[in-house]
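Take any residue in the sequence shown, note its place counting from 1, add 724, and you have its number in this note's numbering. First comes the structure, then the notes that go with it.
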Amino acid sequence: MRTTKRHRQARPSFMEIQNNWRLFRFASTLLPTAPGSYETPAIQAVRFNDDCIEVVSDTLQTELEGFGLRAFTFFGLLVFLIAVIVGVDNWFGVVWVPILGLPVIGLLGFFLSRILLPRYRYRCSKVRFDRRSRRVYYVPYPEESSDTIWELDWDRLQGIDWTTGRAQPYLYLVGYTCNLPEPQLVKIPVMYNGEIWADHIWAWLHRFMAQIEDLPPPKIITLPQSPRDVLMRYGGRWIVRSLTTKKGRLWLPLTIWVDLAILLVFMPSMALPQLIVLLYPEIQFPEENNRHCGFASG
């Protein structure tokens, strides 16, 4: 991948970053440019080879995504099944019809945020780190920038741990682009969870870019790519084991009701948000960058 030589900008100061984005004026911790040896390095990755690693920047394919839609759909389906089994009376319309409308309310709430915020219009975005060139690659959202790709100098980045305790926490990588005609100060999010924290990711990346060999391997994660992947994650494996394994068929007369509950209530309510998310586009790297990082499909 060709890299055009530009004037190398200095690492931005924390004050400069805060002046540029109000986001970092609260709930933000500036991470050390050289993490201590006591920090435990750990990271989750989508793809990994000897020279490059690809991690999730942001994604809607998480367990908590669409929680409200799941809850509303679950209660709506549950009430519907109860009404079918028990029967209805004259008061059914007054009491239960509004409850049956809960899935519709859930759908409205689910799509409202997708209309307002760009990050909710795409299934997933990713970041790549190349330790040969010591570069970071990121494709911004089209609503965020018209640039095809951002390329940043790893040695001139700041790492910021942003967490409020309620919203999704992120490790933000902030620095100047080095592949554009005019350097731009940009921020790149890297989401994390309760298993691996921002300082763990920061320490791992520093050691990876320094080409330290005794580094713990990344935990490879697989995001659903098809409706089958989603359904198997939310109850499908149980149903398959119950119907296809010898032990499952042996207990089928007792577990058939559990299977029906999973099939009719649990799977539709839990899988619905992720089935919708699969329809969203995923941010893609240019093919030139795929070849450069060793992630080309062909």
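Heads up, the beta-carbon is just placed ideally off N, CA and C, and yes, glycines get one too.
Unbroken beta strand (DSSP E) run spanning residue i, endpoints
i      : result
LEU754 : 752-754
VAL863 : Looking at the DSSP string, VAL863 is not in any beta strand (DSSP E), and its letter there is neither H nor E.
Residue i classed as buried or exposed, judged by whether at least 16 other C-beta atoms fall within 10 angstroms
i      : result
PHE750 : exposed
ARG961 : exposed
TRP926 : buried
GLY899 : buried
PRO756 : exposed
ILE963 : buried
LEU984 : exposed
GLU778 : buried
PRO951 : exposed
ALA995 : buried
C-beta contact flag for residue i and residue j at 7 Å
i       : j      : result
PRO942  : ILE741 : no
SER752  : ILE884 : yes
TYR1004 : ARG847 : yes
ALA934  : LEU895 : no
HIS930  : PRO759 : yes
ASN903  : GLU875 : yes
ILE944  : ALA769 : yes
ASN744  : LEU909 : yes
SER849  : ASP782 : yes
LEU987  : VAL954 : no
ASP775  : ARG856 : yes
DSSP-derived helix/strand/coil call for residue i
i      : result
ASP923 : helix
ASP782 : strand
ALA985 : helix
SER849 : strand
ILE944 : strand
Enclosing alpha helix (DSSP H) for residue i [first to last residue]
i       : result
GLU1011 : 1011-1017
ASN744  : 738-744
Whole runs of the beta strand (DSSP E) within the segment 873-916, excluding any shorter than 3 residues: 874-877, 882-886, 894-900, 909-915
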